[in-house]
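Remarks on the structure that follows.
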Amino acid sequence: MTGSPAAVGGYFIIQFLPSLLLTPVIGTFIDRWSRKRILLLTNLMRAMTVGILLIHLSIETIYLAAVLLGICDEIYAATANAIGPELAGPQDIPRFNSLLSAADSINLIVGPAIAGLCVSLGGIGTSIGVDAAVFALAALLVLPMPYKPQRKASAKAGFLEEMKEGLRIVAGEPVVKRMLLIWALLLAGVGSTGSLVVAFVSRTMGLPADRYGWVMAFQGAGIIAGSVWIMSRKRAPDPSRLIPFGMAAIGAGLLAVSAADRMAAILGAYLLIGLGAAAAPNGIRSTLQKELAPAVLGRVFTSVRFVVNSVRTLSIAAASFLAGITGMRIIFAAAALCVLLGGAAAYAGRKRRTAGLHVERRKP
């Protein structure tokens, strides 16, 4: 509304604050209550929050909506990850995560186009109204979900005790620490370059800035293609294989971007990055979902998401500052090395685990 960079920056900072302040509380809440009911109510809250903007659109109501939507987004994302094993079963978890990834990518590709069409046909009010209606529809679609909340043993404990237990799991469980390191390296690389793509295309390549839309479309197509491949497999891929494959694809794609001199090369690189993005985060989430008890997943995912999102935010700030000093090609190359380092760590961890299983099998 104002075009002010400070106002835009303030919007994103305010969206991030709920994650900072409410992480332990949100996770414990997800693990104690019906996750289906949480998904239903968060979508209804989203619809009502967007509806506020229909009544009165101003900087103040936009900031208020940012706070409420930030809380809803954090609750919804962690709940969707936590409910996966209860809906899909251990063998189908990677397919479940691929379905979520494909849906998100379709939304990112189609959503802006629909929003632009609504604005052009009926103005900003029409766009906001459609957005609120879509959230309400999403809430209705949760109702037929075949989910029965299970009585959790931890529910007998107090709320504060469960919060402390969740923090102990995140800080002490080896699989959580390993996935946290890999995910942080992934988002450090992706975050540091994601905000620079427009500038890279327009300034470094000397191309129109609107080509950025094509870049994101190719990345989304890669995510959809990779997700469809995972879902179509008769046997779900091993998550420990998905992680190093995805990290290698993303790292190779970022390296290709750092050396690209044509738009076609950038589009091909982002198609490869999309394929990797369909695999690596899926493998990380699936590993946590398969190796941890469902009763603690809400606390684990909210804590892990807070850490990796903090790393991504810091990497965006650092890359934006350093790009003017080193040049954007160096930033993309450094980001690639960061992601490849995470892939190497995932591969080494898989090798150690496989070797350990072989030793166990040889024991009499």
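Numbering (the working numbering), first residue to last: 73 to 436. From the three backbone atoms N, C-alpha and C, an ideal C-beta is built for every residue, glycine too. All of these numbers come straight from a predicted model, not from anything done at the bench.
With a cut-off of 8 Å on the beta carbons, I'd call residue i and residue j a contact; round off their distance for me.
i	j	result
residue 388	residue 264	6 Å
residue 347	residue 294	4 Å
residue 125	residue 186	No, residue 125 and residue 186 are not in contact; Cβ-Cβ is about 17 Å, not under 8 Å.
residue 122	residue 203	5 Å
residue 219	residue 131	About 39 Å; that fails the 8 Å criterion.
For the alpha helix (DSSP H) containing residue i, list its first residue and its last residue.
i	result
residue 158	131-160
residue 203	196-214
residue 306	Note, residue 306: premise wrong, no alpha helix (DSSP H); not H, not E.
residue 386	369-398
residue 363	335-363
residue 122	107-127
residue 281	From DSSP, residue 281 is part of no alpha helix (DSSP H); its letter is neither H nor E.
residue 366	No alpha helix (DSSP H) holds residue 366; DSSP gives it neither H nor E.
residue 249	246-266
What do you get for residue i, buried or exposed, if any count of 16 or more other CB atoms within 10 angstroms of its CB means buried?
i	result
residue 418	buried
residue 162	exposed
residue 146	buried
residue 398	exposed
residue 153	buried
residue 169	buried
residue 97	exposed
residue 76	Caution applies to residue 76, whose pLDDT of 43 falls short of 50 and renders its modelled position unreliable; the value that the coordinates give is listed next. Classification of residue 76: exposed, given that the 10 Å Cβ count is below 16.
residue 439	Nothing can be reported for residue 439, as the shown portion of the chain is limited to 73 through 436.
residue 338	buried
residue 345	buried
residue 426	exposed
residue 420	exposed
residue 304	exposed
residue 393	exposed
residue 243	exposed
residue 402	exposed
residue 225	Since pLDDT at residue 225 reaches only 46, below the 50 mark, its modelled position is unreliable, and no value is offered.
residue 167	buried
residue 238	buried
residue 332	buried
Just to confirm, are residue i and residue j a CB contact at a threshold of 9 Å?
i	j	result
residue 286	residue 376	no
residue 374	residue 102	yes
residue 395	residue 268	yes
residue 365	residue 302	no
residue 411	residue 343	no
residue 100	residue 371	yes
residue 144	residue 107	no
residue 262	residue 349	yes
residue 165	residue 308	yes
residue 329	residue 404	yes
residue 196	residue 129	yes
residue 440	residue 316	With the chain covering only 73 through 436, there is no way to say anything about residue 440.
residue 157	residue 361	yes
residue 400	residue 297	no
residue 211	residue 115	yes
residue 266	residue 318	no
residue 413	residue 257	yes
residue 66	residue 247	Lying before the first or after the last residue shown, residue 66 is absent from the chain, which here runs from 73 to 436.
residue 335	residue 279	yes
residue 217	residue 111	yes
If we ignore side chains and look at the alpha-carbon of each, how far apart do residue i and residue j end up?
i	j	result
residue 175	residue 109	21 Å
residue 322	residue 408	7 Å
residue 359	residue 193	45 Å
residue 190	residue 290	24 Å
residue 422	residue 207	40 Å
residue 306	residue 381	33 Å
residue 284	residue 310	34 Å
residue 151	residue 142	14 Å
residue 384	residue 391	10 Å
residue 424	residue 249	16 Å
residue 292	residue 340	12 Å
residue 149	residue 288	22 Å
residue 282	residue 379	33 Å
residue 314	residue 253	16 Å
residue 120	residue 213	17 Å
residue 223	residue 134	Unreliable placement is indicated for residue 223, whose pLDDT of 49 sits below 50; the coordinate value is still reported in the next sentence. If I take the Cα positions, the gap works out to 39 Å.
residue 46	residue 245	Lying outside 73 to 436, the shown extent of the chain, residue 46 is not represented and no answer is given.
residue 275	residue 406	19 Å
Using a threshold of 8 Å, is the CB atom of residue i nearer than that to any non-hydrogen atom of the ligand COA?
i	result
residue 299	Ligands are entirely absent from the displayed structure, and the ligand COA is therefore not among its contents.
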